[in-house]
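Following the UniProt record's numbering from start to finish, the sequence shown increments by one per residue and tops out at 568.
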Amino acid sequence: MLYFFTDFYEEEIFFSAINRYGMYSGNLGERKISNDLFGVERINTRKLFPSYLNRFSKNFEKENRYDPQYILNNHTLLPLYLPFLNDKRIKLVIEDMKGDNPNAINLRIGEFSGGICKSMGMRVCTKCIEEDINKYGEGYLYREHQVPGNMVCYIHSTILKRVKTHKYSRNKKYDISKIEDENIVVDKQNFEKFKNLSEDIHNIFKANKNDLKFNDILQKYKVRLIEKGFASVTGVTNWNKVNKEFVRFFSNEYLELLDSNINLDEKFIWTKKLFERNLLIHPIRHILFIQFLFGSVNELIKYKKKKYEPFGIGPWPCLNKVAKHYKQDVIKEVVISNRSTGDKPLGIFACSCGYTYTRSGPDKKSADKYVKKTVKEYGPIWDLALKDYILKGECCISHLEQLMDCDGKTIGKYAKKLGVFQLLNSRMKTDEVIEKRRRYATELEEEYKKDILTFLSKNPDSIRSEIAEKLQKQYAWLYRYRREWLNSILPKPIDNNAHTRDIKRAVDWRNRDKQFSKMVTEVINEMKKDNKRITISGISAVMKFPIRKYLHKLPNTIKVLQHNNIKI
1 MLYFFTDFYE EEIFFSAINR YGMYSGNLGE RKISNDLFGV ERINTRKLFP SYLNRFSKNF
61 EKENRYDPQY ILNNHTLLPL YLPFLNDKRI KLVIEDMKGD NPNAINLRIG EFSGGICKSM
121 GMRVCTKCIE EDINKYGEGY LYREHQVPGN MVCYIHSTIL KRVKTHKYSR NKKYDISKIE
181 DENIVVDKQN FEKFKNLSED IHNIFKANKN DLKFNDILQK YKVRLIEKGF ASVTGVTNWN
241 KVNKEFVRFF SNEYLELLDS NINLDEKFIW TKKLFERNLL IHPIRHILFI QFLFGSVNEL
301 IKYKKKKYEP FGIGPWPCLN KVAKHYKQDV IKEVVISNRS TGDKPLGIFA CSCGYTYTRS
361 GPDKKSADKY VKKTVKEYGP IWDLALKDYI LKGECCISHL EQLMDCDGKT IGKYAKKLGV
421 FQLLNSRMKT DEVIEKRRRY ATELEEEYKK DILTFLSKNP DSIRSEIAEK LQKQYAWLYR
481 YRREWLNSIL PKPIDNNAHT RDIKRAVDWR NRDKQFSKMV TEVINEMKKD NKRITISGIS
541 AVMKFPIRKY LHKLPNTIKV LQHNNIKI
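Below, the structure written as structure tokens:
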């Protein structure tokens with residue numbers, strides 16, 4: 001049991017308290033400190049993501065302030081990463097940080113493959129230090145200041161300074177009173193951007209975890225891309241347009257400072273990878289994307305849409321002026337045309353009375369729902385009302401236009417269809433009404449659903465492709481207009497890649513890692529002899545294997561690369 005340990009200060013990062021313990025206790029060596037606090041020698045106590053926290057906590061018995069989960073939540077960078085990790089990975093990261101598996105942590109959070117701004121070092125705000133010395137008699141390191149890419153203090157809006165450390169030793173103690181004066185990152189042009197970044201970092205740390213969930217964030221991204229015209233209503237994103245606007249929004253100079261620049265000529269750009277749930281993208285890059293789409297993290301939290309609804313939530317009004325339910329909310333479903341764009345969606349509203357109209361969106365005010373664009377079909381109630389008015393002979397065409405809510409040519413066309421055109425005493429030329437079966441009609445939907453269900457009951461072992469082949473018309477219509485219902489009753493799709501994944505899973509990565517670490521060493525030595533520039537891409541080209549793609553499975557290979565100072 002440990003009889004002494006310094007208290008944590010508010011928002012202090014874990015390794016800052018460890019360093020202070022070493023100063024207070026008079027221990028000069030990292031090994032002695034590690035052994036005292038964790039019962040293990042050779043721990044890198046400067047890590048942003050500490051491990052062995054269960055061991056550390058056992059030193060204090062029932063002291064809640066030293067509980068592993070409390071430390072994770074209040075004195076590490078983990079809360080910044082949680083909104084951008086899936087549940088399975090979150091569980092594994094927490095287990096590794098509490099347990100004895102420090103080498104796995106960086107792989108799980110993507111620091112090896114997707115880390116940014118790794119050379120920024122420890123940073124402090126001189127005003128924070130001054131205030132803390134007056135308040136506590138000493139200063140300490142704030143966790144928000146240590147976030148890779150953060151260069152401005154959220155509290156004071158001042159540029160952070162880097163703490164001087166020994167160039168060749170990771171184990172030497174540091175003194176936060178010794179700071180570097182030079183600032184090579186933040187200038188007048190990008191100060192506001194860094195300030196906004198620090199504010200969003202702060203707001204993620206302070207947010208309720210239920211407000212920022214990975215799956216919800218991805219859904220919000222998708223809806224917002226459609227709303228801003230970067231994606232179709234079916235969710236197909238124009239990434240070339242996104243990336244051009246993204247660079248214009250931030251500037252590549254600023255993005256380069258955050259190791260997040262975008263080369264429009266490259267095929268694979270990190271913005272697109274934000275949507276791949278099994279890939280690990282740094283929180284700073286997510287924040288940049290959030291600022292681009294929403295303005296800030298707080299605006300993302302306020303944004304509640306997880307589904308594209310340019311016409312709001314139904315029901316919607318029938319705009320058949322001669323129906324008793326005129327302007328009453330009786331239409332329960334809207335079909336968004338596949339020809340729509342995200343910034344100009346077209347909605348098709350079909351009422352049970354037969355009246356079908358379209359509207360352009362998105363709605364900006366409540367009154368917009370009463371403004372139609374075109375009428376696709378008028379329906380039998382409208383036809384009957386028109387015929388009655390004409391038979392009574394009390395209305396001229398201009399008056400009928402007002403009563404029926406259409407133009408004169410439409411009056412003439414439908415009067416001709418109903419056999420009462422001669423009663424109008426008009427010489428206007430009229431077109432024929434082309435009778436079409438309504439694609440959006442309720443009876444069509446029910447008929448097609450019934451066909452699919454009947455086929456499934458008679459052929460319970462059929463697969464999706466067979467159903468689509470046998471009932472092409474029904475399948476195509478339902479897939480286009482009632483896809484959610486269709487997917488709910490169809491058999492699960494066959495995974496044609498399952499065999500390929502089984503083969504990949506069968507690879508003995510431990511053995512392969514041993515082989516690759518030796519091969520990489522040999523390739524590096526050959527490159528040094530030939531005085532060639534050594535990069536991971538060059539090594540991959542010689543070995544004819546995409547090393548970077550599988551780094552998370554090659555820990556020994558990573559060590560070889562790091563030992564040779566090769567950027568990963």
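Each residue gets a CB set at the ideal place from its N, CA and C atoms; glycine is no exception.
Remember, it's a predicted structure, so these values are computed and weren't measured experimentally.
Short of 6 Å in beta carbon distance, which residues of its chain neighbour VAL542, apart from the five on each side in sequence? Order them along the chain. VAL523
Which runs of the alpha helix (DSSP H) spanning at least 4 residues fall entirely within the stretch 276-315, listed in chain order? 283-293, 297-302
If you follow the beta strand (DSSP E) that TYR174 is in, where does it begin and where does it stop? That residue, TYR174, is in no beta strand (DSSP E); it is neither H nor E in DSSP.
Between the beta-carbon of ILE539 and the beta-carbon of VAL520, is there less than 8 Å? yes
Cβ shell of PHE112 (< 8 Å), same chain only, five flanking positions each side left out: For PHE112, the predicted model reports a pLDDT of 49, less than 50, meaning its position is unreliable and no value from the coordinates is stated.
Residue from THR454, ILE301, HIS156, LYS206 whose Cα sits closest to the Cα of PHE214: ILE301
Quick one, which of LYS193, TYR378, ILE109 has its alpha-carbon nearest LEU92's? Comparing Cα-Cα distances from LEU92 to each of LYS193, TYR378, ILE109, the minimum goes to ILE109.
Between LEU197 and ASN150, is the Cβ-Cβ spacing less than 8 Å? yes
So, are the CB atoms of LYS241 and LEU264 less than 8 Å apart? No, these two residues do not count as a Cβ contact at 8 Å.
Is it the case that the Cβ atoms of residue 577 and THR358 are separated by a distance below 8 Å? Any question about residue 577 goes unanswered here, given that the chain covers just 1 to 568.
PHE4 - containing beta strand (DSSP E), residue span: PHE4 -> no beta strand (DSSP E), and no H or E assigned at all.
Alpha carbon of ASN203 to alpha carbon of MET120, nearest angstrom: 22 Å
Should the stretch 288-298 be called in touch with the stretch 312-320, which here means at least 3 C-beta pairs below 8 Å? no
Given a cut-off of 8 Å on the beta-carbon distance, is the pair PHE205 and GLU144 in contact? yes
How long is the line joining the alpha carbons of ILE381 and ARG248, rounded to whole angstroms? 54 Å
In whole angstroms, what is the alpha-carbon distance linking ARG20 and THR237? ARG20 and THR237 have their C-alpha atoms spaced approximately 51 Å apart.
Residues in its own chain within less than 6 Å of TYR174 by CB, not counting five upstream and five downstream? VAL163, THR165
At least three beta-carbon pairs within less than 8 Å, the stretch 267-286 to the stretch 135-143: no
Indicate the three-state DSSP secondary structure (helix, strand or coil) for LEU346 in the structure shown. strand
Beta-bridge pairing of LYS161 - partner residues as DSSP gives them: VAL124
Nearest-angstrom Cα distance between LEU225 and LEU293? 7 Å
Do LYS195 and VAL147 have their C-beta atoms within less than 8 Å of each other? no
Sub-8 Å separation of TYR24 and TYR136 beta-carbons: no
PHE14 and PRO50 closer than 8 Å at C-beta: In this structure, PHE14 places its C-beta atom within 8 Å of the C-beta atom of PRO50.
Does the distance from the C-beta atom of ILE411 to that of LYS376 stay below 8 Å? A distance of 8 Å or more separates the beta carbons of ILE411 and LYS376.
Does DSSP classify SER360 as helix, strand or coil? DSSP places SER360 in strand when its eight states are reduced to three.
Which ranges would you report for the alpha helix (DSSP H) in the stretch 171-227 if only whole runs of at least 4 residues count? 191-206, 214-227
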